[in-house]
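Novice: Sharing a structure with you now.
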Amino acid sequence: MKNSLFALPAALAALALAAAPATAQSRNCAPRDMVIKRLAEKYGESRQSIGVGQKGMVMETFASGETGSWTITITTPNGMTCLVASGQSYEVLAEALPDTGSDA
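This is the structure we're talking about:
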């Protein structure tokens, strides 16, 4: 599941990184351990991918192989984790890079 929908989380993470400080003040944020526990217990989601963004922020995608639910989070260096996006129909993709047409 690591390659699944990686472009979407990366794009959302880029948008979220700019808004994360403001978002950290909202109700969609909590200490990381609490968020991870809630995603596991309520939705059966586990971490499927991870990436490091600007200013030490970490983007993670959590998903359930059984239900197809998914959640994208951003964790700030101070340990606060914010929910960025969530949805259904999570799938694992293993797409090859497109042919660039060069013979080099």
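Residues -24 to -1, 1 to 80 in mature numbering (1 follows the signal peptide of the UniProt record, and there is no 0) are what the sequence shown spells out, letter by letter. We treat Cβ as the ideally placed atom computed from N, Cα and C, and that holds for glycine. Source: prediction; values computed, not measured.
1. Closest to residue 64 by CA distance: which of 73, 43 and 51 is it?
2. Whose CA, out of 78, 71, 73 and 51, lies closest to the CA of residue 10?
3. Quick one: is residue 60 buried, meaning 16 or more other Cβ sit within 10 Å of its Cβ, or exposed?
4. In the structure shown, what three-state DSSP assignment does residue 61 receive?
5. Quick one: Cα of residue 23 to Cα of residue 69, how far?
Specialist: Looking at the atomic coordinates:
1. For this step, residue 64 is matched to residue 88 along the sequence shown. It is 43.
2. Here residue 10 refers to the residue found at position 34 of the sequence shown. Nearest of 78, 71, 73 and 51 to residue 10, Cα basis: 51.
3. Along the sequence shown, read from residue 1 onward, the residue named residue 60 stands at position 84. Counting every other CB atom within 10 Å of its CB across the protein chains shown gives residue 60 a total of 16 or more, marking it as buried.
4. Position 85 of the sequence shown, counting from 1, holds the residue named residue 61. Strand.
5. As a first step, residue 23 is located in the sequence shown; it is residue number 47 there, counting from the start. As a first step, residue 69 is located in the sequence shown; it is residue number 93 there, counting from the start. Each residue's Cα considered, the two are about 16 angstroms apart.
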